[in-house]
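Enquirer: Questions regarding the structure given below will be posed in turn.
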Amino acid sequence: MRRLGILISGRGSNFIAIADNIRAGKLDAEIALVISNRLDAGGIEAARERGIRVVVIPSKGMSREDHDRAVIAELNQAEVDLVCLAGYMRLLSPEFIRAFPQRIINIHPSLLPAFPGLDAQQQALDYGVKVSGATVHLVTRELDGGPIVVQSAVPILFDDTVETLSARILIEEHKLYPVALRIV
Ligand code: GRF
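With positions in the sequence shown counted from 1, the corresponding number in our numbering is that position plus 3.
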């Protein structure tokens, strides 16, 4: 059984989707720990409610390298097989990526390679594409640029706002991350 380390910065709805799939017996994995780089991340409470170990390592005021080293140490101590970025709003240092070769997974709210980086849903609306979606991919040094594991398309409706589109993509994200983990 694979041991997952999940990294979050916010509400952690993708983490919850993974946890629910495991609990329902749909995913043969175990969440060894959740790490948040923010004290105010909603996902922290969700982890505690589920009895999942959660460690908060605030990134504010720390260099990327020092912060990443602390996160790597926790992940190694918990003997994780896979690192899942789930709304983790930090760029990873080269050292982090080297520490878990081909074993870091990210979810991104667009059909990569279109619209990498921040505000992917707004980027899609601004460009005027008629289809966007979600992508789960392996993490390499290139931002949102690693090998794609699985994607799901979401139509963009005439009257979509960033909120309505984000919500519709998020529903797909929650289905997609467990699928990707099964494949990986
Ligand atoms: C998701 O849209 C994810 O694709 C992006 O950040 C958001 C995180 O949401 N990287 P949550 O914290 O999993 O609810």
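Don't be surprised by glycine CBs; every beta carbon is placed ideally from N, CA and C.
#1: Closer than 8 angstroms: is that where the CB of residue 60 sits relative to any heavy atom of the ligand GRF?
#2: Looking only at its own chain, which residues have a Cβ that is under 6 angstroms from the Cβ of residue 124, when we skip the five neighbours before and after it?
#3: Only counting the same chain, and skipping five residues up and downstream in sequence, which positions put a Cβ closer than 8 angstroms to that of residue 154?
#4: Between residue 92 and the ligand GRF, is the CB less than 8 angstroms from at least one heavy atom?
#5: Quick check on the DSSP output: what are the complete alpha helix (DSSP H) runs of length 4 or more inside the stretch 12 to 99, in order along the chain?
#6: Below 8 angstroms, is the gap between the Cβ of residue 195 and the nearest heavy atom of the ligand GRF?
#7: Need the endpoints of the alpha helix (DSSP H) that residue 167 sits in, please.
#8: How far does the alpha helix (DSSP H) with residue 105 in it reach, from first residue to last?
#9: Put residue 137 into one of helix, strand or coil per three-state DSSP.
#10: Per the DSSP calculation, residue 194 is bridged to which residue(s)?
#11: Residue 153 bridges to which residues according to DSSP?
#12: Which class does residue 7 belong to by DSSP, given the choice of helix, strand or coil?
Expert: So, to answer that:
#1: no
#2: 112, 165, 168, 169
#3: 114, 115, 136, 137, 138, 139, 179
#4: yes
#5: 16 to 26, 45 to 52, 67 to 80
#6: Nothing about residue 195 can be read from this structure; the chain reaches only from 4 to 187.
#7: 165 to 186
#8: Neither: residue 105 is in no alpha helix (DSSP H) and is coded neither H nor E.
#9: strand
#10: Missing from the structure shown is residue 194; the chain here goes from 4 to 187 and no further.
#11: 139
#12: strand
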